Structure formats: structure tokens, C-alpha cells
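J.: Numbering (my numbering), first residue to last: 569 to 1476. Glycine included, each C-beta is placed from N, C-alpha and C at the ideal position. From a predicted model like this one, the values you see are computed outputs, not experimental measurements. Mind looking over this structure? Questions follow.
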């Protein structure tokens, strides 16, 4: 990397310059008398007002402490647990060991495990962070009540999730879609396994592997800038969080009501911190997780195929789908940590996750000859289709790093490699049996769930003949290598504590897709009637479906056909691409306690991006050609953050930050198809999205896992990307349709987050075990899109896609020494899912509001054994999207609730 004319140049001289007073340091550790480390406790240096949280086995550190006698105050949730007096000497490190006697009455109130403990640790982390974060903290050995990382994050203020087949998958932060958020595992950025996407599906990562989740909403200059919504950091389990060995094992059975299937899951985690000498420790932690789930869903969708000019609207086409799905998740985490001494530490963190999705989709497609309304009858063409594929996604991440503290200097470095793959080796993309004759007396009864019924021939397999089989295979790979170095130095400016920090990072990312497509239309002497390939009658809860198509019989047929003749060279080539993206970054930032109450951060980050793109295209002469493009750019991103402690319980935060997010791989793909009248293409010249962010928040901490907070935020986003038709523009004046991606001028997003959490510890028993945790986020946004209508430029104002105006959570919990109960409600309002026309908003597709209720309970049978019970989607919430109004279906899908019963063994 070339670091000339970057913030690092100034940093090197500043870090090396200046006379620092000869002061001492305090290095300490907090544990119980039974050698259990206490992480997440607050330690305050009374005379200076400095506060830190204990971590990594209860360790804490204060640098630049003037000689003298001090009181260390240990607290949790604002409640003082213990105090200890220490003497600091020039140029010496004062070692402190604070041991809490578990037999004392005060120590009985220390929150170690359970709902209140998770909430309290999360609140303390949020309170003492330099920037605005939200945290989800697991219990002492990394267990969460939600099934995966996405579902755990939906409880955080400002966050909502996108679901796939009813399971939480992608996370949206403050209304911003998953493509514009960043995900890291143990500090290493995670690539995306899906082709064309940057969004990381967090359902790939099982909850059993996690220690904590942190959502950063205001970036500091030492963080990657690729997060307009926010950044999610996933931490896996650590052995140094425990002095002794620990082990946990879970076994669970889950019953899916929709498919009437019972599904197992198993997980085990354990580790030990080995004391090699007085200051040396080696931590080894291992976690394994496995889940097998058979389930299904029932669907009906129109894709917006309504004639909306009529009243009531008339339906032109509809598709009824029945899904049978098997999903297997397996994961492993292996973390090695070596404390050379209290000032030097090395680590190697490894995470592996595998998600196999075996899906079979049976469908009936009806195209009416003349569009009809609900309750009417008409004629139409009917086809039955099969899709059968197994898709496997894997994510692997390895990170080696070190941290070294020498006097006033801290040096941290990290080298990481992460790899994401999606493999679909043998798929039937569509086996189509078309009706031999048009059918009469077809009808549907509801515009929300337009399930078609018809005469006996509608369900008779003899009336359908095989028309086409499309098969394929694909492999997508996303590899990212990165290295970073951070150097910081502590100062005393007068009596004010300050830190200057600088660093550099390089990231090399390679995204590629290789796909092959076969289209079989010549079946020789093979029988064509669906009766010869008939499968079992489908259990379709929305109406009568009839028999399905036997996937095994279709595959047997394909095995005897000529695959060379069926190979589609053009489609195969047009699916292939390669994108190399290199990012080099440097930063300089300073932090300073202006007063004991006011903490400031100021800095700047510079990022340079170099992109090389290669793919294939089909030009207007019907020739396959190779395409190669480049796109390079740089950004300088200033930041200013402040935290003002009004008193011991209330703090105010403000931030002015900048972020930049590159277009998705699909959007900037160099591939295109052009037949001279119609074209479809990516846009390699797209500019990245740039966001200027303003944040203001206030939080009042009430102690005992309790807080009341509010936050205002505003984002001004330049160059947002949208899909449009540019037929009629200067370069495509004679074309009928040209679909591509363009940059918009400006979009904005504003909102407010409100949150309250309270533990009713002061109520008389048994009500002192009651907890509530509620939050709501209200946003509004607007953007302008443009294109061409009849050769003329047209514009339309829209809200930002995938952005709910209202999202919120309400959680009621209760726990005592034996029982733990949690009832969680998650809500998000409707949002714009697709923009289908520049002329009118009637053609847009909206996803309807959703309210999902989940229930969890646990009973502590003895010290080590716990029995768990849960209900996901307790109220049987469905997925629904619509066109124009909620009356007109775009897609309806029903999942049903899932019941789980498990047993957990814990020893630590």
C-alpha cells in the first residue's frame, strides 16, 4: 500500500512526538473466591473518573495514572459491589486482584447468568462504549434463546429481520437493508455466499457458537466505513472468560406444526484456561452445533399480475406453490488464546458454519385467457411445475492477532482470511408439464389468497404433458483476505487523559460465479404424460392441489437424455463473472476526556477502492463476447463523536460520521444481453453510496438491568442505487426496454429510537423476578428515481425500499432461582419491496406488516441441568405482500408455529 498523503503520515509523527509524564499503571483482575472470572463489571478510578469494563477473564487496565493513592470502585449496573485502595508509583505497574466472597450478602446480588445478567452486561457495554452501540450478550458460556444470530438481533432497538421460510435470515438496521450493513466475525469481515450479493445471511451462524453480538450504529475512524445502517460484530466463545474448565451440552427436539415433523438439534461447547505460570494462560475453547429440520410452507402468489384499471381489479395469472424443505445446519468454533503475560496476548479464532437447504417446490401455474375477478369463472391455460435443488452454503473464518501493551503504547495487529461458498451441484430449475387443452370453469374466491379451483381435469394427470426441463449447476465463491495494524499512545494533557490512535488496513476480495445451464426439450420416445411421472398427492393447506411431480422419475428421465445437445452455452456464459475488489485504508483519531464528564473522539479515515470486473455478454449480433472493466475511487471520511455524562446515571451522545458502501456485485456486473430491441445489463460505472450521518441520544440508567433511552438520527445518502429502464435515452433511443442500474442523486432517512428496560428487583417476592424490555423505532425516508417514458425523462418520489416506518419489540420476562420465562413480540410495519413502474405507484409491491410472538421457558432442575421449552411464531403469523392495497395479493405464505423441548447440561 502507498500511505503517502494519508492520515497515517501525520499519525507517525504525532505518536512519536511529545514528552509524556512519568506516570504509573494499574493492571487488575476481578474474580470470585471460587476462581470464576467476572466479565462486564465496571471499574472506576475514583480521583480521575476513568471507567473501564472487565473482560478476558475479568481483566482491566488504567494507563497514565499519576502517583498517589486511589480507590478502585467495582460496580454492576451502577450498584457498588466492592472498593479497594491502591498506591501508584512512577514508572511502575500496580497489580491488583479483586476477589469477591460469594458467601456475602452483597455478592449474592451479582448478576452472572440469566435474562437479567444478559441485559445488564449488554447495558454496561453500551454505556461505556466510545460510540453508540447495541449489544446482545449471551450467558456465561455463550447460549442464546433464539435459534440463530439474526433472530437474536431482532430484539435490539432499531433492528428488524427479513425471514426466509419463516426463519430469521437478514438484519436491517434503522430501516437500512442488509446489503448496506457490515458483518464481522471476531473482527474479520464476512463475505456473502449468495451470487451477486453483499448481504450476509445470519441464519447460517447457529446461536450455540456465539458469545456476544454487537451492533455499532455510529462508526469511529478505526472501523471499516462500509456500513450505512450499521455494523454487526459476532464474537464466538472464549476460554479466558473462565478461570476453570467449563462445558455445556444441549439436546432439543422441535415439532413443526405445518409439516407435522419432529426435528433434532444438538450442541456442545467447552474449554479451559490453563495456568502456565503466574501471569501466563493458555485458553482453548471449542463449540460444535448440529441441527436437522424437516418442514414446509404453503404459498400462493401472483407477482402483481393484476389489471388494476378495473374495479375490482382483475387477475391475469396466479401460481400455487407447496414447499417441502430439509435444512441442516452445522457449525464449529475453535478459539486459542495465549496470554504471554498481562501485557501481551496472542489469539487464533476459527469459525466454520455449513447450511444445507434441500428444497422441493411443487407448483400449479394458471394463466387466464381473460382476466377475472374473485368469484367469477373463466378459462385458462394450466401448467404443473417442479423445482428440486439442494443448495449448500459454507462460511469459514480464521483470524490471527496480537495485542501488546508497553508503557503508554498499545499495538494491535490482525490477519484474517474468510471464505464463503454457495454450491448447487445438481438442480432441476423447472420441469414443466403443460395442459394439453385450455380448461374452463376456473375460479378463485379471495384476492388475498387467490387459490384456484377447477373441474376434474384440473387435477387429472392425464391432461398434462412434459414440455421442458431446465437443469443447472452453479458455484459461487467469495474470498476475503485482510490485514490491519493499530497503534495507540496514551497521554496526559495537563490532567486530562487522551489517546492518539492510528492504523492501516488492506483488504483483498475475490467474488466469482460459475454456472452451467441445460434445457431439455427433445425427449425422444420417452413417455410425456404426467401420469408417468406422478408423485404423491400434496398436503396443501390453502386448498386442493392434487398430485405432484415425482422428482426421482424426472432425474431418471434426464439420465437417459443427451446432455450435450441440451447444454445452453449462452445462458451458461452469461451467468459467469469474476470481480476483484481491493480496499486500502488508513486512519488517524484522537480521544480525550475534556472534563471528567465530557469525552470526545475526532478523526478521519481514508479508503481507496480498486475494482476489476470480468464477465460475458451477448451483443446485438448474437455473439458471445468477453467483457472487462475497471472502477477506482477514493473517499476521505471525517468523524466527530462526543459523550457527555450529565451525572452518574445519565449520559448524552452526539456524532457526525460518514460511511461508504460499494454497489452489490449484481448491480455492477459487467455482463449484459442486447438483441437490438431489448437489453439487460449491470453497470460497472456505478458510484458507491455515500452517507453523512447525524446522531443524538440520551440514556438514563436506573441500575438493576434498567434503562430509559431515546435517540435521534438522520442519514443523507448520495448515489443510492436503483433499477430502471433507460430505453429512449440517447444511447438507446430505438430500444423498447433496457433494464439496468443507476445512481440516484440523494435520499434521506430520519428517525427516532425509544427504549426502556426494567428489572423489578425492588418489588416483594415473587414479583421481584419480573423484567420488561421494550423498544420502538419510527423512521421516514424519501428518494427520487428516474427513467424514460416514451423517450422522455420521468421522475417519481418513493420511500427507500426495504424500510419500515415503524419497528419494535416488547419482551416480558420472569426469572427466579428455578424458573425463567420470556414472551417476546417483534413488529415491523409495511415497506416498499419492489418498484415496478415510473408512471404509477399502483404497480409497486409492498410487504405487509408483521407481528411475530415467540415464547421461551426454562426450569433449573438442579445446579447443572436445565429443561427448556419454546414456541416460535406462537400466533401463526404469515408472510404477505401486495400490490396497490392490501386487498391484492403479490405473495402469501403460511408457516405455522414450531414447538421445541430441550435439555441443557452446564458445568463451570
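#1: Is DSSP giving residue 1288 helix, strand or coil here?
#2: CB residue 608 to CB residue 689, shorter than 8 Å?
#3: For the alpha helix (DSSP H) containing residue 695, list its first residue and its last residue.
#4: To the nearest angstrom, how far is it from the Cα of residue 1445 to the Cα of residue 1312?
#5: Does the region 1170 to 1186 come close enough to the region 798 to 818 that 3 or more CB-CB pairs lie under 8 Å?
#6: Which of the three DSSP states is assigned to residue 657 in this structure?
#7: Between which two residues does the beta strand (DSSP E) containing residue 1318 stretch?
#8: Please classify residue 1123: does DSSP put it in a helix, a strand, or coil?
#9: Nearest to residue 718 by CA position, among 659, 780, 1103, is which residue?
#10: Which complete beta strand (DSSP E) runs does the region 1240 to 1290 hold, if anything under 3 residues is left out?
#11: Give the DSSP-derived three-state secondary structure of residue 1029 in the structure shown.
#12: Using only the alpha-carbon positions, how far apart do residue 895 and residue 737 sit?
#13: Got a sec? Which residues, its chain only, sit under 6 Å from residue 1297 by beta carbon, not counting five neighbours each side?
#14: Taking residue 1004 as the reference, give the member of 1258, 978, 1216, 1033 with the closest Cα.
#15: Checking 8 Å against the spacing of the C-beta atoms, do residue 1047 and residue 759 come in under that value?
#16: At 3 residues or longer, and completely inside the region 839 to 886: list those beta strand (DSSP E) runs for me, N to C.
#17: Quick one: give me the first and last residue of the beta strand (DSSP E) that residue 1449 is part of.
#18: Is residue 813 close to chain B, meaning its C-beta is less than 8 Å from at least one C-beta of that chain?
#19: Can you tell which of 1385, 1358, 1163, 1277 has its C-alpha closest to the C-alpha of residue 615?
#20: By Cβ distance, which residues of its chain are closer than 6 Å to residue 920, with the 5 residues on each side in sequence left out?
#21: Using DSSP bridges, identify the partner residues of residue 731.
#22: Write down every uninterrupted run of the alpha helix (DSSP H) in the region 1082 to 1134 whose length is 4 residues or greater and which is fully enclosed by it, in chain order.
#23: Between the beta-carbon of residue 1335 and the beta-carbon of residue 1315, is there less than 8 Å?
#24: Taking only runs that begin and end inside the region 1366 to 1449, name each unbroken beta strand (DSSP E) of 3 or more residues, in chain order.
#25: Which whole-angstrom value is the C-beta distance of residue 826 and residue 1116, which I expect to be below 8 Å?
#26: Taking buried to mean at least 16 other C-beta atoms within 10 Å of its own C-beta, is residue 657 buried or exposed?
#27: Tell whether a beta-carbon distance below 8 Å holds between residue 1193 and residue 1187.
#28: For residue 693, does the count of other Cβ atoms within 10 angstroms reach 16, so buried, or fall short, so exposed?
#29: Nearest-angstrom Cα distance between residue 733 and residue 1281?
#30: Using a Cβ-Cβ cut-off of 6 Å (strictly less than) and excluding sequence neighbours within five positions of residue 1474, which residues of its own chain qualify?
#31: Using a Cβ-Cβ cutoff of less than 6 Å, which residues in the same chain neighbour residue 1447 once the five nearest sequence positions on both sides are dropped?
#32: Just tell me which of 1439, 1458, 1376, 1420 has its CA closest to the CA of residue 1413.
#33: Report the residue from 869, 1360, 981 whose alpha carbon sits nearest the alpha carbon of residue 1293.
#34: If the criterion is Cβ atoms closer than 8 Å, does the pair residue 1303 and residue 1246 meet it?
#35: Please go through the same chain and pick out, in chain order, the residues whose beta-carbon is closer than 7 Å to the beta-carbon of residue 1030, but skip the five residues on each side of it.
#36: For residue 1039, does the count of other Cβ atoms within 10 angstroms reach 16, so buried, or fall short, so exposed?
T.: With the given structure in hand:
#1: Look at residue 1288 here: in three-state DSSP terms it is coil, with no helix or strand label.
#2: It is a contact, given that the beta carbons lie within the stated cut-off.
#3: Taken as a continuous stretch (DSSP letters only), the alpha helix (DSSP H) holding residue 695 covers 683 to 696.
#4: If I take the Cα positions, the gap works out to 35 Å.
#5: No, they do not touch.
#6: In the three-state scheme derived from DSSP, where H, G and I count as helix and E and B as strand, residue 657 is classed as coil.
#7: For residue 1318, the enclosing beta strand (DSSP E) begins and ends at 1314 to 1327.
#8: The answer is helix: DSSP assigns residue 1123 an H, G or I state.
#9: If we check each option's Cα against that of residue 718, 780 comes out closest.
#10: Complete beta strand (DSSP E) runs here, min 3: 1240 to 1242, 1246 to 1249, 1257 to 1269, 1275 to 1286.
#11: Helix.
#12: Roughly 13 Å separates the two Cα atoms.
#13: Here the set comprises 1356.
#14: When each option's Cα is compared against that of residue 1004, the closest is 1033.
#15: Yes. Within cutoff.
#16: Listed in chain order, they are 849 to 869.
#17: Looking at the DSSP string, the run of the beta strand (DSSP E) that includes residue 1449 is 1447 to 1451.
#18: The question asks about chain B, but that chain is absent: this structure has only one protein chain.
#19: Checked all of 1385, 1358, 1163, 1277; the closest Cα to residue 615 is 1163.
#20: For residue 920, where only same-chain residues beyond five positions count, the Cβ hits under 6 Å are 900, 964.
#21: Bridge partners of residue 731: 736.
#22: Counting only runs of at least 4 residues, the region 1082 to 1134 fully encloses the following alpha helix (DSSP H) elements, listed from N- to C-terminal order: 1119 to 1127, 1131 to 1134.
#23: Going by C-beta atoms, residue 1335 is not nearer than 8 Å to residue 1315.
#24: Fully enclosed beta strand (DSSP E) runs of 3 or longer: 1374 to 1383, 1387 to 1396, 1399 to 1402, 1413 to 1415, 1418 to 1428, 1433 to 1440.
#25: Taking the Cβ atoms as the reference, residue 826 lies roughly 17 Å from residue 1116, outside the contact range of under 8 Å.
#26: It counts as exposed.
#27: One thing to note: residue 1193 has its Cβ within 8 Å of the Cβ of residue 1187.
#28: Looking at its Cβ environment, which holds 16 or more other Cβ atoms inside 10 Å, residue 693 is buried.
#29: If you draw a straight line from the Cα of residue 733 to the Cα of residue 1281, it is about 32 Å long.
#30: Correct list, in chain order: 816, 1432.
#31: Hits under 6 Å: 1461.
#32: Minimum Cα distance to residue 1413 is reached at 1458.
#33: Of 869, 1360, 981, the smallest CA-CA separation from residue 1293 is found for 1360.
#34: In terms of Cβ geometry, residue 1303 and residue 1246 form a close pair [threshold 8 Å].
#35: Spatial neighbours of residue 1030 in its own chain (CB-CB distance under 7 Å, excluding positions within 5 residues in sequence) are listed in chain order as 1097, 1099.
#36: The residue is buried, with at least 16 neighbouring Cβ atoms inside 10 Å.
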